[in-house]
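Everything in the sequence shown is counted per my numbering, starting at 16 for the first residue and increasing by one. C-beta: ideal position from N, C-alpha, C; glycine also.
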Amino acid sequence: MRRFARPKPLFILLSAVALIALIAVGQYLRLFERAWFNLHALWQPHSAEAIGLDRYRVAVEAKVIDGLDDDVSALTYDPVRNSLFTVTNKNAELIELSLDGRILRRVALIGFGDPEAVEFINADTYVITDERQQRLIKIHLEQDTTFLDAADAEQMTLGVHMSGNKGFEGLAYDSVGKRLFVAKERDPMLIYEVHGFPHFNPEKSYAVHVINNPKRDAGMFVRDLSSLQYDERSGHLLALSDESRLILELDVDGRPLSTMSLNGGRQGLKNTVPQAEGIAMDDDGTLYLVSEPNLFYVFRKPAQN
């Protein structure tokens, strides 16, 4: 009778340690939840209301934004100007970009601390975040504006879950519901809904109401939040994660509906997006993305036959 050698205790110990390490990494990166979602998506087609991020394909990949020395952070689409806006935070500037990633305008930001996000509200009106101080700063931008001073702007501070440099990384605005979505990067990762800011009638008093739902946000199987985009047509929110290299589509209850990978070989990408920092969507549903160091991307959904 053939006898098999018993595994040595050291081998068993090392195997157990390796298994525990793999499980820990999987939990840290939310890989199990992500795999379950992908498996479920194979059997359940997109609803008619879903954006369907997985169908998008890259049209412009890693175009260098010429003329910038600092890294860009965040992105928003201005439907009035038909252009994009981003911010830099070392030498703080508000920068207007064309839809093909060229610099159109630069506006110096004074007293904005650590600007990390910018969001279009309505014509000539935007909100900029100061990440570390958790300030939301409403600005007014004229055609001849060359600099903006935070001391002259309406602003508010939330001051919640203060944790060093893990503050407000993303903004999105619902113009119908008058809601400003504010993404806290992580530790903990949260999406706040701010009602009442910015307000538009300085002669009337107003109240600010902040809503957050930690249980809902815990269902997002990403490591961090870098940027947000609200889609007025579907009422869905797009959440960008740099560390997970993923964009999530969330329904009105915060449940994931579709995903878009930013890894090389996916969505037509030749290379992985190195450090995604901002997303924006125009009126045609085209997605724009910026990544450190100063890279510009465009994604479009193929026309349905």
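Could you check whether residue j and residue i sit closer than 9 Å to each other, using their CB atoms as the reference points?
i: V197; j: E208; result: yes
i: D266; j: H251; result: yes
i: E76; j: K285; result: yes
i: I143; j: V87; result: no
i: L114; j: D257; result: no
i: G185; j: R150; result: no
i: I110; j: R96; result: no
i: P203; j: G234; result: no
i: R194; j: H210; result: yes
i: V237; j: S259; result: yes
Give me the Cβ distance between residue i and residue j, rounded to the nearest whole Å; I'm assuming they're in contact under 8 Å.
i: L261; j: L253; result: Not a contact, Cβ separation roughly 11 Å.
i: A291; j: L277; result: 6 Å
What's the C-alpha gap between residue i and residue j?
i: S241; j: L310; result: 15 Å
i: L304; j: A187; result: 14 Å
i: I66; j: T274; result: 10 Å
i: D84; j: P308; result: 9 Å
i: F135; j: G280; result: 32 Å
i: A3; j: E146; result: In the structure as shown, the chain starts at 16 and stops at 320, and residue 3 therefore has no counterpart that could be examined.
i: D69; j: P130; result: 31 Å
i: K105; j: D81; result: 17 Å
i: I125; j: L163; result: 6 Å
i: V4; j: L302; result: The requested residue 4 does not occur in the structure, where the chain is confined to residues 16 to 320.
i: Y92; j: S98; result: 6 Å
i: Y312; j: N228; result: 32 Å
i: E7; j: L112; result: Residue 7 falls outside the range modelled here, since the chain spans only 16 to 320, and no answer is possible.
i: N137; j: G116; result: 22 Å
i: Q282; j: S306; result: 16 Å
i: E64; j: D239; result: 26 Å
i: L173; j: F212; result: 11 Å
Among the options, which has the Cα closest to the Cα of residue i?
i: M171; options: G250, T160, I154 and V102; result: I154
i: R315; options: R72, R96, E64 and L68; result: R72
i: F183; options: A77, R96 and A89; result: A89
i: P94; options: A123, V102, F127 and Y141; result: Y141
i: V230; options: F212, L243 and I206; result: Rather than Val, the amino acid found at residue 230 in this sequence is Lys. That would be I206, whose Cα lies nearest to the Cα of K230.
i: Q244; options: V133, V79, F236 and S259; result: V133
i: G300; options: S249, S259 and G283; result: S249
i: I118; options: V79, L156, Q148 and I152; result: V79
i: E169; options: S190, I152 and Q148; result: I152
i: Q148; options: D139, L255 and A165; result: A165
i: G192; options: G293, D246 and A123; result: D246
What does DSSP give as the partner residues of residue i in its beta bridges?
i: D189; result: R194
i: K316; result: Note: K316 sits in no beta bridge, so no partner.
i: L253; result: Q244 and E264
i: G293; result: V305
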